[in-house]
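Numbering-wise, numbering that gives the first Met the number 0 puts 97 at position 98 of the sequence shown, and it's gapless, one number per residue.
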Amino acid sequence: MKVKFGESIEDLQTCRLLIKQYIPAGLFVDPYELASLQERNVTEAVMVSENFNIEAPNYLSKESEVLIYARQDSQCIDCFQAFLPVHYRYHRPHSKDGETFIVVNNPDLLMYCDQEFPILKCWAQSKVAAPCTLKSKDICQWNNMKYKSVYKNVTLQVPVGLTIHTTLVCSVTLLITILCSTLILVAVFKYGHFPL
0 MKVKFGESIE
10 DLQTCRLLIK
20 QYIPAGLFVD
30 PYELASLQER
40 NVTEAVMVSE
50 NFNIEAPNYL
60 SKESEVLIYA
70 RQDSQCIDCF
80 QAFLPVHYRY
90 HRPHSKDGET
100 FIVVNNPDLL
110 MYCDQEFPIL
120 KCWAQSKVAA
130 PCTLKSKDIC
140 QWNNMKYKSV
150 YKNVTLQVPV
160 GLTIHTTLVC
170 SVTLLITILC
180 STLILVAVFK
190 YGHFPL
């Protein structure tokens, strides 16, 4: 994600940008992957949703919420950028077409500045309480900003299985499982050393 301010704002370095993204039920963000990326200083993001199950299929999951602390872009004075990996959830097979669509709505942009900028007051819609930084427990009052998005909403096309393939997939899976189990048992009895 990249955010560019249309107006040139001096001393934007005193400002922080927080992206509040709602992740639809068909997608998920892996909290373990987020922790790993934070350790490597790739991203600053935190899951807000509680009781989050990354193993749940699409039809058993709920929308989740992620806070992403955007960083200033070193190549653009009035730009911020952020990175958030998302993954598809399992979707039930369909009877007719082999695809489904997931709509990812535009995020909320929250900005907090150490000093006042008149232009930012024009863009602010409301105040939102959120952690000041990723590692801080302090709460700041962030300005929920109006913005113009390059894309209305992002629609993702997800390939799914077809119900007519259910018998074939189950049969092949069962045969491969029996074959592999047999090969493992043969190898264990042939090469295994069992004390008598």
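Beta carbons: idealized from backbone N, C-alpha and C, even for Gly.
All figures in this text were calculated on a predicted structure; none of them were measured in a lab.
Judged by pairs of C-beta atoms under 8 angstroms, the region 157-169 touches the region 83-97, as three or more such pairs exist. For the pair Glu32 and Ser48, the CB atoms are not nearer than the 7 angstroms cut-off. The three-state reading of DSSP puts Glu49 in coil, since its state is none of H, G, I, E or B. A distance below 7 angstroms separates the beta carbons of Ala69 and Phe79. A straight-line Cα-Cα distance of about 48 angstroms links Asp72 and His164. The shortest C-alpha to C-alpha distance from Val102 to any of Gln114, Phe51, Cys131 and Leu155 is the one to Leu155. Going by DSSP, Ser60 is part of no alpha helix (DSSP H) at all; its letter is neither H nor E. With the rule of 3 Cβ pairs closer than 8 angstroms, the region 13-31 counts as touching the region 104-114.
Residue pairing by DSSP places Lys19 opposite Leu66 and Asp107 in a beta bridge. Proximity to Leu133 across Glu38, Val28, Ser94 and Phe188 peaks at Glu38, based on C-alpha coordinates. Within the same chain, Glu62, Ile101, Val102, Val103 and Asn104 come within 8 angstroms of Pro23 by CB-CB distance, once the 5 residues on both sides are set aside.
The three-state secondary structure of Gln71, taken from DSSP, is strand. In this structure, the beta-carbon distance from Thr13 to Asp137 does not fall below 7 angstroms.
Spanning the alpha carbons of Asn50 and Phe188 requires a straight line of approximately 45 angstroms. The C-beta separation of Leu66 from Ala129 comes to about 6 angstroms, placing the pair in contact by the 8 angstroms criterion.
Within a 10 Å sphere around the beta-carbon of Ala44 sit 16 or more other beta-carbons, which makes this residue buried.
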